[in-house]
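>
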Amino acid sequence: LGGTDAAPTSTNYTNFFNQVLVKVRDVSIIVLPGASWPADQAIVDAGGVVGRHVGDGVVAFFPTETSGSESAAVRGCISAAIAIRDGMTDVAERSGLPPGSITVRFGLHWGGTLYMGNIGTAARSEVTALGDQVNETARIEACASGGLILVSKALLERLDPPDAAAIGLNLDSATYTPLGELPTATDKARRDAPAIAVTDVTTLLG
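So in my numbering, spot 180 of the sequence shown is number 311, and the numbers just go up one at a time.
(1) For VAL155 and VAL181, I'd like the C-alpha separation in whole angstroms.
(2) Counting along the chain, where does the alpha helix (DSSP H) carrying ARG321 start and finish?
(3) Would you call the segment 232-246 in contact with the segment 255-267, where contact means no fewer than 3 C-beta pairs closer than 8 Å?
(4) So what does ASP331 bridge to, in DSSP terms?
(5) Do ILE271 and ILE209 count as a contact pair if the criterion is CB distance below 9 Å?
(6) Per DSSP, what kind of secondary structure is PRO229 in: helix, strand or coil?
(7) Hey, how far is the Cα of THR244 from the Cα of SER276?
(8) Buried or exposed, going by whether 16 or more other CB atoms sit within 10 Å of the CB of ARG206?
(9) Out of LEU313, ARG225, GLY186, state which residue places its alpha-carbon closest to the alpha-carbon of LEU279.
(10) I'd like to check one pair, VAL332 with ILE233: are the Cβ atoms closer than 9 Å?
(11) Quick check: ALA260 and THR317, are their CB atoms within less than 9 Å of each other?
(12) Please give me, in chain order, every unbroken run of the alpha helix (DSSP H) with length at least 4 that falls completely inside the segment 172-240.
(13) Shortest alpha-carbon distance to GLY299 belongs to which of ASP171, ALA223, LEU335, VAL189?
(14) If you count every other CB in all the chains shown that lies within 10 Å of the CB of VAL235, and 16 or more means buried, which is it?
(15) Assuming SER202 and ASP294 form a contact by the criterion Cβ under 8 Å, report the distance between their Cβ atoms to the nearest whole angstrom.
(16) Would you call LEU228 buried or exposed, if buried means 16 or more other Cβ atoms sit within 10 Å of its Cβ?
(17) Since PRO293 sits in a beta bridge, which residues does DSSP pair it with?
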């Protein structure tokens, strides 16, 4: 976990961590840096679970089990991203900064099967998830420079037309680009997840 060169033995892991990981299917994942201060409430309001905070970024999860359906989970995930993006104007104003001076990049992806739960010590606990899609979401987010809300095709295709209309998305205009072909693609994205098809949600807002 977290980039250690050598994984701890099971005995050490049990001694130092309280581990509760449950295999969960069908989760919408959102990763964003630079906006953890207003993000948590927007995530909760959209039906999500606030995950790990890293610096000024945050990870969130929208399980179908609690959302009610795949489409509802995706709707909540996208709604939270839009709400956080829109909230940056207020953050800039309160900070005495010009409008548009604070931008946040977003990566949204679908996790078909993840191990999700609480990992922590007696003094600290956090919700996290383990699985390939979590790493892929981080790769998507890193490519969303300039305030993009990059959404994977795997996620957006699970959004039903009524839910899309409710959050103002025109799905008919969606076009996808492989992550590795984006002008903003990072070296890690080109290496680890070049074929993931993504689109910028902001181009679909009607």
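The beta-carbon is built from N, C-alpha and C at its ideal position, and this holds for glycine as well.
Since the structure is predicted, the reported quantities are computational estimates derived from the model, not experimental observations.
So, from the data block:
(1) Residue 155 sits at position 24 when you count from the first residue of the sequence shown. Residue 181 sits at position 50 when you count from the first residue of the sequence shown. Any reading at VAL155 needs caution, since the residue's pLDDT is 47, under 50, leaving its predicted position unreliable; the model's value is listed next. If you take the alpha carbons of VAL155 and VAL181, they lie about 16 Å apart.
(2) As a working mapping, residue 321 is identified with position 190 in the sequence shown. DSSP places ARG321 in the uninterrupted alpha helix (DSSP H) bounded by 318-323.
(3) Contact between the segment 232-246 and the segment 255-267 is present, because at least three Cβ pairs lie under 8 Å.
(4) By 1-based counting over the sequence shown, the position of residue 331 is 200. Its beta-bridge partners are LEU281.
(5) By one-based count along the sequence shown, residue 209 stands at place 78. By one-based count along the sequence shown, residue 271 stands at place 140. The answer is no: Cβ separation not under 9 Å.
(6) The residue you call residue 229 lines up with position 98 of the sequence shown. Annotated three-state conformation of PRO229 is coil, per DSSP.
(7) Within the sequence shown, residue 244 is the residue found at index 113, counting from 1. Within the sequence shown, residue 276 is the residue found at index 145, counting from 1. Distance between the alpha carbons of THR244 and SER276 is about 28 Å.
(8) Position 75 of the sequence shown, counted from the start, is the residue given in the question as residue 206. ARG206 sits buried, since 16 or more C-beta atoms from the chains shown fall within 10 Å of its C-beta.
(9) As a working note, residue 279 is residue 148 in the sequence shown. Comparing alpha carbon positions, the residue from LEU313, ARG225, GLY186 closest to LEU279 is LEU313.
(10) Reading the sequence shown from its first residue, position 102 is the one you call residue 233. Reading the sequence shown from its first residue, position 201 is the one you call residue 332. No, the pair does not count as a contact, with Cβ atoms beyond the cut-off.
(11) Here the question's residue 260 lines up with position 129 in the sequence shown. Here the question's residue 317 lines up with position 186 in the sequence shown. No.
(12) Counting only runs of 4 or more, we get 195-198, 201-225.
(13) As a working mapping, residue 299 is identified with position 168 in the sequence shown. Closest by alpha carbon: LEU335.
(14) For the purposes of this step, residue 235 is taken as the residue at position 104 of the sequence shown. VAL235 should be labelled buried.
(15) Within the sequence shown, residue 202 is the residue found at index 71, counting from 1. Within the sequence shown, residue 294 is the residue found at index 163, counting from 1. Confirmed, Cβ separation roughly 5 Å.
(16) One-based indexing of the sequence shown puts residue 228 at position 97. Exposed is the call here.
(17) Position 162 of the sequence shown, counted from the first residue, corresponds to residue 293. According to DSSP, PRO293 shares a beta bridge with no other residue.
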